[in-house]
Amino acid sequence: MSDRHILTAVAWPYANGPRHIGHVSGFGVPSDVFSRYHRMAGDKVLMVSGTDEHGTPITVAADAEGVTPREIADRNNRIIVQDLASLGLSYDLFTRTTTANHAAVSQEIFLGLLKNGYVFPQTTLGAISPSTGRTLPDRYIEGTCPICGYDGARGDQCDNCGNQLDPTDLINPVSRINGETPRFVESEHYFLDLPAFTRALGDWLATRRSWRPNVLNFSVNLLEDLKPRSYTRDIDWGVPVPLEGWRDRPDKRIYVWFDAVVGYLSASIEWARRSGDADAWRQWWQAPDSDAYYFMGKDNIVFHSEIWPAQLLGYNGEGDKGGTPGSLGRLNLPTEVVSSEFLTMEGRKFSSSRQVVIYVRDFLARYDADALRYFIAVAGPENQDTDFTWAEFRRRNNDELVAGWGNLVNRSVSMAAKNVGAVPTPGELTDEDRALLATTSGAFGPVGELLSRNRQKAAIGEAMRVVGEANKYLSDQAPWKLKEDPARRDTVLHTALQAIKDCNALLTPFLPHSAQQVHELLGGTGVWSVAPEVHEVTDLDDGSPYPIITGPYEQGQAVWGSTPLAAPGTPLSPPKPIFTKLDESVVEEEIRRLEEGSA
Ligand SMILES: [Zn+2]
């Protein structure tokens, strides 16, 4: 057992609606593959996230429905929890940003930054709607980006160039709610002194050579023009500002982005408190040799390679103004920011409003979770924008999962079950037998190396190449022609089943659901790959109920390496197919749904 502690910090899905497959291809499946691999390799993984529930879009949705923001957040939190658990995402804790614990930790970070002089008050201009007199949320102001000239930039961020903005930065700002031109009035806010971290962020990024080049280059470029960013906003829904005269004000809250990234820390602390050892989180956040990997889509890089590291540096007292760590003690910066590119669908950008979308739950109602996980791993947007098409999904499913891996398992276990009824007893191995087993057991090194560097496409490609070798072995050795030589037939079948056991371990991080089935088909008992569980809990401080995702992942038998097949004589039953072949009509049906939805 290794003593290596790895924090898997997964981007927080925003709770303004259900998540679609573009979302989970960016943050969800890659972070789970990474965590499952490291647990199998014996590392101590803490995988945390939750729903991001503050900010203006939720208040706007609540206004539209005539309900409270909390009701919108409660509803979507529950949907997202169910969807992510159904996809098999093995969070140690998936929580939410509306817990009392999260508010307290967010306020602690703010106070630590304030103590060290990295947040400061300043009067600024805030937008209000001239017709209603109400504060106009940043994201609902649209205009031309002053940096890249994109004309659909929002008051908080430009989706084209990725820069953060203030509403007053926009050229020709208009309200997205009613098209009127906002009026700007004086408003007092706290600002994060980002320029005070230019040197410290630069020094840190200079040591991050293993990052994907696009992520590193983007992050380094951000340092050229750091400006103070407003840490508080004019909004009534969010974490209160923990200062005398501010705490009870209904119109001032910590900016949603500054509290959302604190979620990685607050969720770790909540996990520790629920574990019975309230200090257990420190192993992942404070031990000098622990590692932290952050997973997200590329539109969120800035918050993970600039804003959150700046918050951590300031809390630690490690920016230009110096200082000392806050009461939690010094906190580790990210080891790596692992960002995915975008997934499009049938050539179009995902859009919930235009109904160019397939939600996770609709997908999982019609297809297996592992079929989606396989597609994302083998053909997802790991290092370039990628188009999801139903034809390609079907082809990958049918040609690779069903005809490649599923068929190998099916024909080998069928033959052993039919001819022997049990795990066969092997005789002496030939060179061909030994060569196959050397290939399968030898794959753990290179595939593990790729997984540890988040080269997941290459990793699953290599695992599937090994599956191809096993299929070729079976065709070449043709045990079905060995009726006259049952001893040799049994040796071939035993070799094939051992190779399948190795391949199953190699594929477990990607395909945890079918990995459990294959484990059982090979005569294995107990839990091989642990499924996440949804638990109903109450807030540790205020008692309100909510669902979390967690799981006893340490109980899984899966390890990263070749392990022996069940003993000869262990009964085997004829298998049912582990993957479902998809008809051509599936493609037509799904495209028809998409066209109807977006029409
Ligand atoms: Zn721009």
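Residue numbers (full-length UniProt numbering): 1 to 599. Where is the CB? At the ideal position from N, CA and C, for every residue including glycine.
For Arg394, the enclosing alpha helix (DSSP H) has its first and last residue at Trp390 to Arg395. A distance criterion of 7 Å places the beta-carbon of Ile147 in contact range of ligand 1, judged by its closest non-hydrogen atom. Taking the Cα of Val402 as reference, the smallest distance to any Cα among Arg593, Lys581, Pro18 and Asp43 is reached at Lys581.
Val81 is a Cβ neighbour of Ile549, given a cutoff of 8 Å. Fully contained in the segment 362-425 are the following beta strand (DSSP E) runs of length 3 or more, in chain order: 386-388.
Relative to the Cα of Ala41, the nearest Cα in the group Pro334, Leu333, Tyr294 and Glu554 belongs to Glu554. When C-beta atoms of the segment 112-125 are compared with those of the segment 310-323, three or more pairs fall below 8 Å, so the two segments count as touching. Placement of the Cβ of Tyr359 at a distance of 7 Å or more from every heavy atom of ligand 1 is found. A check of alpha carbon separations from Gly551 across Ala435, Arg274, Ala470 and Glu596 identifies Arg274 as the nearest. DSSP places His513 inside the alpha helix (DSSP H), whose first and last residues are Pro512 to Leu521.
Distances taken from the Cβ of Asn163 to the heavy atoms of ligand 1 include one shorter than 7 Å. A heavy atom of ligand 1 is found nearer than 7 Å to the CB of Asn160. DSSP lists Ile548 as the bridge partner or partners of His535. Excluding five sequence positions before and after Asn407, the CB atoms of its chain that fall closer than 8 Å to its own CB belong to Asn471, given in chain order. Residue environment: Leu125 is assigned as exposed (fewer than 16 neighbouring CB atoms within 10 Å of its CB, all protein chains considered).
Rounded to the nearest whole angstrom, the CA to CA distance from Ser514 to Gln384 is 28 Å. Uninterrupted beta strand (DSSP E) stretches at least 3 residues long and entirely within the segment 29-87 occur at 44-51, given in chain order. Bridge pairing for Leu192: Val119 and Arg229 [DSSP]. If the five residues before and after Leu522 are omitted, its C-beta is found closer than 8 Å to the C-beta atoms of Val413, Val423, Leu497, Ile500, Lys501, Asn504, Leu565, Ala566 and Leu572, all from its own chain and listed in chain order. Scanning its chain for C-beta atoms nearer than 7 Å, with the 5 sequence neighbours on each side dropped, one finds around Thr198 the residues Leu223 and Leu226, in chain order. At least one heavy atom of ligand 1 sits closer than 7 Å to the Cβ of Tyr150.
Ala153 has its Cβ nearer than 7 Å to a heavy atom of ligand 1.
Our two residues, Pro486 and Asp476, have alpha carbons roughly 17 Å apart in a direct line.
In this structure, DSSP gives Tyr150 a state outside helix and strand, which the three-state scheme calls coil.
From the listed residues Lys481, Gly448 and Val256, the smallest Cα separation to Pro57 is found for Val256. Straight-line measurement puts the Cα of Pro426 at about 47 Å from the Cα of Leu343. In the three-state reduction of the DSSP assignment, Asn163 falls in the coil class. Tyr14 is bridged by DSSP to Asp52. Only residues of its own chain outside the window of five on either side were considered, and among them His5 have a CB closer than 6 Å to the CB of Gln283, listed in chain order. Assignment of Asn172 by DSSP, reduced to helix, strand and coil, places it in the strand class.
The beta carbons of Pro146 and Asp169 sit closer together than 8 Å. DSSP, read as helix, strand or coil, puts Ala104 in helix.
A straight line joining the alpha-carbon of Glu65 with that of Gly314 spans about 40 Å. Rounded to whole angstroms, Gly202 and Gly319 show a C-alpha spacing of 11 Å. Cα atoms of Phe258 and Ile307: separation of roughly 8 Å, rounded to the nearest angstrom.
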